[in-house]
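Visitor:
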Amino acid sequence: MKSAISKAHKTIVKETFERWQNTVFAGTPNLEKAKTCIRAAYTNGIGAYRRDHSKNKDITFYTVASPVAFMIAGSVVRGRMNKAYAEELCKLLGLDNAFLKPLRRDSMAQWNHGRTRWWDEQREFARTWRRAVHNDYFEREKRLSKTPNTRRVNWRPDFARNPANRKTVYQTNTLEHVMILVTSMLNDANALTSITQEVRGWDGVKKPVTTTNTSKKLGEIQSAAIWNNNNTLYAIGELRRAIDIEDLVAKETDNDELAVQSVFLGSQPKAIDSEILCRILKLDALEMTWEHEVFHHCTAFMAFQKSCIILADRPTIHTDQDDEMHSTTGPAVSWADNTQLWFNNGHYMEEGGKYIVETPNKLSTDHILRIRNEETRRLAIEKFGWDKFIVEADCPVLDRRTNDVDNTVEMLVGPPRSEMRDNTDAGRWRPAGQKRMVLFCRSTGRRYFLSVPSEITTCEAAQHWMANVRIEGNVSYASKPMRLLGAS
Numbered sequence: 116m117k118s119a120i121s122k123a124h125k126t127i128v129k130e131t132f133e134r135w136q137n138t139v140f141a142g143t144p145n146l147e148k149a150k151t152c153i154r155a156a157y158t159n160g161i162g163a164y165r166r167d168h169s170k171n172k173d174i175t176f177y178t179v180a181s182p183v184a185f186m187i188a189g190s191v192v193r194g195r196m197n198k199a200y201a202e203e204l205c206k207l208l209g210l211d212n213a214f215l216k217p218l219r220r221d222s223m224a225q226w227n228h229g230r231t232r233w234w235d236e237q238r239e240f241a242r243t244w245r246r247a248v249h250n251d252y253f254e255r256e257k258r259l260s261k262t263p264n265t266r267r268v269n270w271r272p273d274f275a276r277n278p279a280n281r282k283t284v285y286q287t288n289t290l291e292h293v294m295i296l297v298t299s300m301l302n303d304a305n306a307l308t309s310i311t312q313e314v315r316g317w318d319g320v321k322k323p324v325t326t327t328n329t330s331k332k333l334g335e336i337q338s339a340a341i342w343n344n345n346n347t348l349y350a351i352g353e354l355r356r357a358i359d360i361e362d363l364v365a366k367e368t369d370n371d372e373l374a375v376q377s378v379f380l381g382s383q384p385k386a387i388d389s390e391i392l393c394r395i396l397k398l399d400a401l402e403m404t405w406e407h408e409v410f411h412h413c414t415a416f417m418a419f420q421k422s423c424i425i426l427a428d429r430p431t432i433h434t435d436q437d438d439e440m441h442s443t444t445g446p447a448v449s450w451a452d453n454t455q456l457w458f459n460n461g462h463y464m465e466e467g468g469k470y471i472v473e474t475p476n477k478l479s480t481d482h483i484l485r486i487r488n489e490e491t492r493r494l495a496i497e498k499f500g501w502d503k504f505i506v507e508a509d510c511p512v513l514d515r516r517t518n519d520v521d522n523t524v525e526m527l528v529g530p531p532r533s534e535m536r537d538n539t540d541a542g543r544w545r546p547a548g549q550k551r552m553v554l555f556c557r558s559t560g561r562r563y564f565l566s567v568p569s570e571i572t573t574c575e576a577a578q579h580w581m582a583n584v585r586i587e588g589n590v591s592y593a594s595k596p597m598r599l600l601g602a603s
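Per the numbering used here, numbering through the sequence shown is continuous, rising by one, with the last residue being 603.
1. Short of 7 angstroms in beta carbon distance, which residues of its chain neighbour threonine 404, apart from the five on each side in sequence? Order them along the chain.
2. Please report the distance separating the alpha-carbon of serine 190 from that of arginine 154.
3. Jot down the residue ranges of each uninterrupted beta strand (DSSP E) in the stretch 142-197, minimum 3 residues, whole runs only, in chain order.
4. Could you check what DSSP says for asparagine 288 in three-state terms: helix, strand or coil?
5. For leucine 215, tell me which candidate among Thr289, Asp221, Thr178, Val553 has the shortest Cα-Cα distance.
6. Would the stretch 404-414 count as touching the stretch 426-438 if we require 3 or more Cβ pairs under 8 angstroms?
7. Kindly indicate which three-state DSSP category alanine 418 falls into: helix, strand or coil?
8. Using alpha carbons as the reference points, say which of Cys152, Asp521, Thr347, Glu497 lies closest to phenylalanine 419.
9. Under three-state DSSP, which class holds glutamine 312?
10. Assuming leucine 146 and threonine 454 form a contact by the criterion Cβ under 8 angstroms, report the distance between their Cβ atoms to the nearest whole angstrom.
11. Can you tell me whether DSSP reads tyrosine 349 as helix, strand or coil?
12. Considering arginine 485, what are the terminal residues of the alpha helix (DSSP H) in which it resides?
13. Determine, using beta-carbon pairs with one atom in the stretch 486-502 and one in the stretch 459-468, whether at least three such pairs fall under 8 angstroms.
14. Reducing DSSP to helix, strand and coil, say where glutamine 578 ends up.
15. Classify proline 323 as helix, strand or coil using the three-state DSSP reduction.
16. Quick one: grab the DSSP three-state call for leucine 527.
17. Could you name the residues of the same chain whose beta carbon sits closer than 7 angstroms to that of threonine 431, not counting the 5 residues immediately before and after it, in chain order?
18. In terms of residue numbering, what span does the beta strand (DSSP E) encompassing serine 121 cover?
19. To the nearest angstrom, how far is the alpha carbon of asparagine 171 from that of proline 217?
20. CB arginine 557 to CB tryptophan 501, shorter than 8 angstroms?
21. Can you give the Cα-Cα distance for proline 272 and alanine 386, rounded to whole angstroms?
22. Would you kindly work out how many angstroms separate the C-alpha atoms of isoleucine 391 and histidine 124, rounded to a whole number?
23. From lysine 129 to phenylalanine 410, what distance separates their C-alpha atoms?
24. Quick check: the Cα distance between serine 181 and leucine 204, rounded to an integer number of angstroms?
25. Leaving out five residues on either side along the sequence, give the residues of the same chain with a beta carbon under 6 angstroms from the beta carbon of lysine 663.
26. Judging by CA-CA distance, which residue of Ile187, His168, Pro144, Ala141 is the nearest neighbour of serine 338?
27. Measure the alpha-carbon distance for alanine 340 versus lysine 331 and round it to whole angstroms.
28. Count the other CB atoms, across all protein chains shown, that sit within 10 Å of the CB of valine 512; report buried if there are 16 or more and exposed otherwise.
29. Grab me the residues of leucine 296's own chain with a C-beta within less than 8 angstroms of its C-beta, minus the 5 sequence neighbours each way, in chain order.
30. Does the separation of the CB atoms of threonine 572 and aspartate 509 fall below 8 angstroms?
31. What is the DSSP secondary structure of histidine 441, reduced to helix, strand or coil?
32. Can you name, in chain order, every residue of its own chain whose Cβ lies under 6 angstroms from the Cβ of histidine 462, other than the five neighbours on each side?
33. According to DSSP, what are the bridge partners of serine 566?
34. Please classify aspartate 435: does DSSP put it in a helix, a strand, or coil?
35. Is the Cβ-Cβ distance between alanine 606 and asparagine 227 less than 8 angstroms?
36. Let me check understanding here. Comparing Cα to Cα, which of Leu354, Leu301, Pro323, Ala306 lies closest to glutamate 291?
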């Protein structure tokens with residue numbers, strides 16, 4: 116079986132993919148080269164969407180250091196957010212607000228509309244390109260390589276959610292995750308504090324509703340930014356959207372052949388295809404090549420009539436021995452303007468990560484009890500101290516014993532009294548908290564915090580339930596949610 120394209124063209128395809136792999140996983144942004152590419156874009160491409168009085172003017176560039184700053188700067192330049200509010204927001208999030216000073220109001224250049232691009236799947240050129248390069252070359256090469264497990268991974272449902280790819284998602288400054296960054300930073304800023312307000316229900320009766328300050332502020336920011344709408348997306352060029360990053364993820368194999376790595380074109384021609392075509396036709400003028408070349412030097416830009424915002428910096432990422440994002444001394448992911456994310460062995464600590472890692476001495480029982488994620492709460496209790504938490508959280512000790520058979524010290528505790536049913540005030544009700552077994556292994560030093568049914572009253576009964584719950588024919592509690600909080 117022989118491919119219809121030449122050996123020289125195969126070499127171009129392979130070298131192009133290797134270049135993009137280096138850009139995504141090990142690339143170093145070059146701001147000046149990015150500006151050169153974008154100037155060429157305003158000459159040919161984006162320039163077609165500029166108004167007449169702006170076409171002959173040079174571009175003013177604004178540079179930002181993180182996706183959050185990119186979102187704020189875009190909102191300010193668009194006129195959706197005033198500078199005073201943006202400065203207040205930067206202060207709240209702990210961002211360096213120096214990028215705000217030079218910003219000036221401008222109208223967007225909506226150049227990136229899907230129907231105007233050459234790769235529109237309805238165009239005959241795109242269909243021919245897919246037949247010539249994707250179907251003929253890559254599919255044949257894949258079959259020749261005899262790799263039966265070769266398969267494509269779709270970005271939206273799988274790639275970004277896979278922990279193994281999470282580092283790549285943040286490394287490429289994926290703008291879809293802007294609000295995740297904002298939420299985490301708001302939680303760090305307000306320590307998960309909440310506010311209770313009287314809200315009139317559908318029946319006309321006012322009831323107290325408790326909302327976290329993070330949720331309230333996040334809704335306010337989303338309204339001010341109007342971030343993820345079509346008008347914004349049509350003005351943005353982004354590395355994540357310019358290529359199919361999942362196609363560049365090489366499989367674990369000792370063979371470096373392109374086909375064995377399962378690297379092949381996506382469902383629609385994109386920037387990689389554009390670079391292949393330009394190299395085959397020997398086109399090197401930036402006015403022709405800017406649309407793929409720019410993303411080798413920056414990860415995102417937002418085009419306006421007289422100005423352009425560029426996101427070039429990439430985050431610093433710390434990992435553990437398993438290549439999971441992790442840091443015990445600071446943020447696992449951080450940008451130059453103080454945007455930060457917190458991970459522990461790959462677990463994302465959205466709620467209180469900064470307190471758990473950097474200032475555990477500032478943790479309080481109230482703070483810990485407001486953390487909704489169980490694994491994050493376990494990590495917080497571990498830093499705070501189990502014994503101290505049980506005492507200060509007012510968890511009643513229901514039973515304790517030394518188990519010589521399992522070599523453990525055991526304690527059965529009830530839920531914090533603040534989490535128990537409260538029917539003293541009309542209209543207020545809180546669900547019953549969960550009973551837990553605290554197990555301390557004397558040989559390994561590990562401590563476990565395990566949920567048990569509410570009807571359990573002794574450590575012995577809890578051990579019996581944990582030993583037999585999987586083999587008993589009918590266990591009433593088995594039909595209810597049960598969560599394992601994990602080992603410390």
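Cβ atoms here follow ideal geometry from the backbone N, Cα and C, with glycine treated the same way. Since we're looking at a predicted model, the values are computed, not measured.
Guide: According to the structure shown:
1. Against the sequence shown, residue 404 aligns to sequence position 289. So the qualifying residues of the chain are Cys393, Leu398.
2. Here residue 190 corresponds to residue number 75 of the sequence shown, with the count starting at 1. Here residue 154 corresponds to residue number 39 of the sequence shown, with the count starting at 1. For serine 190 and arginine 154, the distance between alpha carbons rounds to 22 angstroms.
3. 175-179
4. Looking up residue 288 in the sequence shown gives position 173. Correct three-state label for asparagine 288: coil.
5. As a position in the sequence shown, residue 215 is number 100, starting the count at 1. Comparing Cα-Cα distances from leucine 215 to each of Thr289, Asp221, Thr178, Val553, the minimum goes to Thr178.
6. yes
7. In the sequence shown, residue 418 corresponds to position 303, counting from 1. Of the three classes helix, strand and coil, the one that applies to alanine 418 here is strand, per DSSP.
8. The count along the sequence shown starts at 1 and reaches residue 419 at position 304. Residue Thr347 is the option with its Cα nearest to phenylalanine 419.
9. Position 197 of the sequence shown, counting from 1, holds the residue named residue 312. Three-state DSSP puts glutamine 312 in a strand.
10. Your numbering for residue 146 matches position 31 in the sequence shown. Your numbering for residue 454 matches position 339 in the sequence shown. So it is not a contact: roughly 18 angstroms between Cβ atoms.
11. Taking the sequence shown and counting its residues from 1, one reaches residue 349 at position 234. Correct three-state label for tyrosine 349: coil.
12. Counted from its first residue, the sequence shown places residue 485 at position 370. First-last of the alpha helix (DSSP H) with arginine 485: 480-485.
13. yes
14. Translated into positions along the sequence shown, residue 578 becomes position 463. Three-state DSSP puts glutamine 578 in a helix.
15. Taking the first residue of the sequence shown as 1, we reach residue 323 at position 208. Strand.
16. Along the sequence shown, one-based indexing puts residue 527 at 412. The answer is strand: DSSP assigns leucine 527 an E or B state.
17. For this step, residue 431 is matched to residue 316 along the sequence shown. The answer, listed in chain order, is Ser449.
18. Residue numbering aside, residue 121 sits at position 6 when the sequence shown is read from its first letter. No beta strand (DSSP E) holds serine 121; DSSP gives it neither H nor E.
19. Counting from 1 along the sequence shown, the entry for residue 171 is found at position 56. Counting from 1 along the sequence shown, the entry for residue 217 is found at position 102. If I take the Cα positions, the gap works out to 21 angstroms.
20. On the sequence shown, residue 557 is found 442 positions in, with the first residue counted as 1. On the sequence shown, residue 501 is found 386 positions in, with the first residue counted as 1. No.
21. Here residue 272 refers to the residue found at position 157 when the sequence shown is read from its first residue. Here residue 386 refers to the residue found at position 271 when the sequence shown is read from its first residue. Because proline 272 sits at a pLDDT of 39, beneath the cut-off of 50, its placement in the model cannot be relied upon, and the following sentence gives the value as read from the coordinates. Their backbone Cα atoms lie some 22 angstroms apart in a straight line.
22. Taking the first residue of the sequence shown as position 1, residue 391 is located at position 276. Taking the first residue of the sequence shown as position 1, residue 124 is located at position 9. Roughly 9 angstroms between the two C-alpha positions.
23. As a first step, residue 129 is located in the sequence shown; it is residue number 14 there, counting from the start. As a first step, residue 410 is located in the sequence shown; it is residue number 295 there, counting from the start. Roughly 18 angstroms between the two C-alpha positions.
24. On the sequence shown, position 66 is the one that residue 181 refers to. On the sequence shown, position 89 is the one that residue 204 refers to. If you take the alpha carbons of serine 181 and leucine 204, they lie about 15 angstroms apart.
25. Residue 663 is absent from the structure shown; the chain starts at 116 and stops at 603.
26. Counting from 1 along the sequence shown, the entry for residue 338 is found at position 223. Measuring from the Cα of serine 338, the nearest candidate turns out to be Ile187.
27. Your numbering for residue 340 matches position 225 in the sequence shown. Your numbering for residue 331 matches position 216 in the sequence shown. Rounded to whole angstroms, alanine 340 to lysine 331 spans 15 angstroms at the Cα level.
28. Residue numbering aside, residue 512 sits at position 397 when the sequence shown is read from its first letter. When all chains shown are included, valine 512 counts as exposed.
29. As a position in the sequence shown, residue 296 is number 181, starting the count at 1. Only Ser181, Pro182, Val183, Thr454, Leu456 meet the Cβ criterion.
30. As a working mapping, residue 572 is identified with position 457 in the sequence shown. As a working mapping, residue 509 is identified with position 394 in the sequence shown. No; because the gap between Cβ atoms is not below 8 angstroms, this pair is not in contact.
31. Reading the sequence shown from its first residue, position 326 is the one you call residue 441. Looking at histidine 441 - three-state DSSP - the assignment turns out to be coil, as it is neither helix nor strand.
32. As a first step, residue 462 is located in the sequence shown; it is residue number 347 there, counting from the start. Cβ neighbours of histidine 462 beyond the five flanking positions: Glu490.
33. By 1-based counting over the sequence shown, the position of residue 566 is 451. Beta-bridge pairing links serine 566 to Arg551.
34. Within the sequence shown, numbered from 1, the residue matching residue 435 stands at position 320. Reduced to three states, the DSSP call for aspartate 435 is coil.
35. Residue 606 is absent from the structure shown; the chain starts at 116 and stops at 603.
36. Here the question's residue 291 lines up with position 176 in the sequence shown. The option with the nearest alpha carbon to glutamate 291 is Leu354.
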